[in-house]
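A.B. asks: I have a structure I would like to understand better, so I am pasting it below and will then ask my questions one at a time.
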């Protein structure tokens, strides 16, 4: 399977089809049983700095507040400035000055902070697993617009969701998985011509 | 399977080079901050050690001479079991909310996480030892015949020997179903030489008999060998599914 850079893909399939596993394999968290994964021509484990990953779980420390979480992860990417972190929080609709620990966040706020953690370093490839779950419709729309903006800026997005309607006019292509195999791909259904 | 190849083929350079030393301290600072806020690890270690001190003290009521002979074993076994409880918790914190995956998808080297965890756990165990040492002295009427600085060296080397192995095996067992059982099963047999050496050296210093320096050299060698082995193998353990 080959995906083109700068496009927005929606990964679909029934439960257990292997959507999340595929994202984990691209992110280097699981090894493929055969073959190899390259990101922009580089083996995936060597291209991690170009990758943003958002999973089902929030991947955040409950005992730290939003900025403290982002600050820790930013340091892993060699970033020391708070400016891109505050921007990332604002882009997902969170207040960077909020001094509340993540353990006290609502599910929707965790989801947004998790997205901010995935995008603060401006990755060229964004892997998102159900980013709209647990968020209200307005927030989902805000996230969808944010993703559309990232796609327009030339980023590649591969997103798993069951809320396909939200992305009908934003995504370029859908990929349909079944039992771990790619069975179909094409333009998004319902997209305006 | 290849993903995302196409018009922007040239890979961007990684972010400015990250010193492993700096990343180690980033991890240590994060672990100490998490511990300061939750106090999960320190509380459980303190409580367990306190129980051992009090129960053994009442059970045996040793004289000063008897204490010198048995304190080495008692102290290190208390700290070893306290540490086993703590190490599991320090890794369990990384599994909660899947945070370990966020580290694994970052470009930071696995070794920085390992050394950061070792140092964070080392600081906590040394803190525990500092808090518990006066209680051991009072409850067991301890006084040392040999020089005290040797006890400090034994504590530093012995604690590092146990922590580095414990942190490694805790990482290995953390994804297993019976991790509370698995860690002692893996850690205790491999720690026997170090524990034996620590107990012998401590007893030799307390009683003023024998040559603890030989044991201290053995402990130093143990630390070098196991720190190197664990450091080199950690990435494989971290990425094992």
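Residue numbers (the working numbering), protein chains in the order written: chain A, 1153 to 1345; chain B, 95 to 335.
Backbone N, C-alpha and C fix where the C-beta goes; we use that ideal spot for every residue, glycine too.
What you are looking at is a predicted structure, and each value in this text was computed from that prediction instead of being measured.
1) Ordered along the chain, which non-local residues of its own chain (more than five positions away) have a Cβ less than 7 Å from that of residue 1231/A?
2) Assign residue 182/B to buried or exposed, taking buried as 16 or more other Cβ atoms, counted over all protein chains shown, within 10 Å of its Cβ.
3) Using three-state DSSP, classify residue 1201/A as helix, strand or coil.
4) How long is the line joining the alpha carbons of residue 217/B and residue 131/B, rounded to whole angstroms?
5) Nearest CA to the CA of residue 1229/A: which residue from 317/B, 203/B, 300/B, 268/B?
6) Let's test the definition: count the other Cβ atoms within 10 Å of the Cβ of residue 215/B and tell me whether it reaches 16, buried, or not, exposed.
7) Taking its Cβ as the centre, do 16 or more other Cβ atoms sit within 10 Å of residue 193/B, making it buried, or is it exposed?
8) Terminal residues of the continuous alpha helix (DSSP H) containing residue 161/B?
9) Taking only beta-carbon positions, decide if residue 1201/A is within less than 8 Å of chain B.
10) Using the Cα positions of residue 1162/A and residue 269/B, report the straight-line distance between them to the nearest angstrom.
11) Short of 8 Å Cβ to Cβ, which residues in the stretch 1304 to 1326 of chain A face chain B?
12) Residue 192/B versus chain A: which residues are under 7 Å apart at the beta carbon?
13) Sorted by chain position, which residues of the same chain lie with C-beta nearer than 6 Å to residue 1326/A's C-beta, five sequence neighbours on each side aside?
14) Between the beta-carbon of residue 321/B and the beta-carbon of residue 247/B, is there less than 8 Å?
15) Alpha carbon to alpha carbon, what distance is there between residue 1248/A and residue 1234/A?
16) How big is the Cα-Cα spacing for residue 1114/A and residue 310/B?
17) Under a CB-based cut-off of 8 Å, is residue 180/B close to chain A?
18) I need the straight-line Cα distance from residue 315/B to residue 255/B, nearest angstrom please.
19) Take the Cβ of residue 324/B as the centre, count every other Cβ of all protein chains shown within 10 Å, and call the residue buried at 16 or more, exposed below.
20) To the nearest whole angstrom, what separates the beta carbons of residue 1322/A and residue 1296/A, a pair I think is in contact under 8 Å?
21) Specify the secondary structure class of residue 1339/A as computed by DSSP and reduced to three states.
22) Pick helix, strand or coil for residue 1234/A, following the three-state DSSP scheme.
23) Can you find the residues in the same chain that come closer than 7 Å, C-beta to C-beta, to residue 251/B, ignoring five residues on each side of it along the sequence?
24) Measuring CB to CB, does residue 1244/A end up less than 8 Å from residue 1214/A?
25) Closer than 8 Å by C-beta to residue 1345/A: which residues in its own chain qualify, once you throw out the five before and the five after it? Chain order, please.
26) Are at least three pairs of beta-carbons, each pair with one atom in the stretch 229 to 240 of chain B and one in the stretch 277 to 286 of chain B, less than 8 Å apart?
27) Nearest-angstrom Cα distance between residue 103/B and residue 1303/A?
28) Considering only the beta carbon of each residue, do residue 164/B and residue 260/B sit closer than 8 Å?
29) Could you check where the beta strand (DSSP E) with residue 1329/A kicks off and where it finishes?
30) At 4 residues or longer, and completely inside the stretch 220 to 244 of chain B: list those alpha helix (DSSP H) runs for me, N to C.
31) So residue 120/B contacts chain A; which residues on that side make the cut at Cβ distance below 8 Å?
32) Whose Cβ in chain B lies nearer than 8 Å to the Cβ of residue 1281/A?
33) Which residue's Cα is closest to the Cα of residue 206/B: 303/B, 113/B, 306/B, 308/B?
34) Mind checking the stretch 1254 to 1265 of chain A against chain B and listing, in chain order, the residues whose C-beta falls within less than 7 Å of any C-beta there?
35) Rounded to the nearest angstrom, how far is the Cβ of residue 1332/A from that of residue 1170/A, given a contact under 8 Å?
36) Taking the beta strand (DSSP E) that residue 1160/A belongs to, which residues open and close that run?
C.D. replies: Considering the structure as presented:
1) For residue 1231/A, same chain residues with a beta-carbon under 7 Å away, outside a window of 5 residues either side, are 1273 in chain order.
2) buried
3) helix
4) 16 Å
5) The shortest Cα separation from residue 1229/A among 317/B, 203/B, 300/B, 268/B belongs to 203/B.
6) buried
7) buried
8) Note, residue 161/B: alpha helix (DSSP H), 158 to 189.
9) yes
10) 31 Å
11) 1306, 1308, 1310
12) 1207, 1209, 1211
13) 1162, 1164, 1340
14) Their beta carbons are not under 8 Å apart, which means residue 321/B does not touch residue 247/B by this criterion.
15) 10 Å
16) Any answer about residue 1114/A is impossible in this case: the structure gives chain A only from 1153 up to 1345.
17) no
18) 10 Å
19) buried
20) Contact flag correct, Cβ pair sits at about 6 Å.
21) strand
22) coil
23) 310, 313, 314, 317
24) no
25) Residue placement at residue 1345/A is poorly supported in this model, since its pLDDT is 48, which falls under 50; the coordinates still yield a value, given next. Cβ neighbours of residue 1345/A beyond the five flanking positions: none.
26) Touching, no, given that fewer than three Cβ pairs across the two stretches are closer than 8 Å.
27) Bear in mind that the predicted position of residue 103/B carries a pLDDT of just 32, short of 50, making it too unreliable to give a figure here.
28) No.
29) 1325 to 1330
30) none
31) 1224, 1227, 1228
32) Within chain B, no residue comes near residue 1281/A; the closest Cβ sits about 11 Å away, beyond 8 Å.
33) 113/B
34) none
35) 4 Å between Cβ atoms; contact.
36) 1160 to 1165 is the span of the beta strand (DSSP E), which, as asked, contains residue 1160/A.
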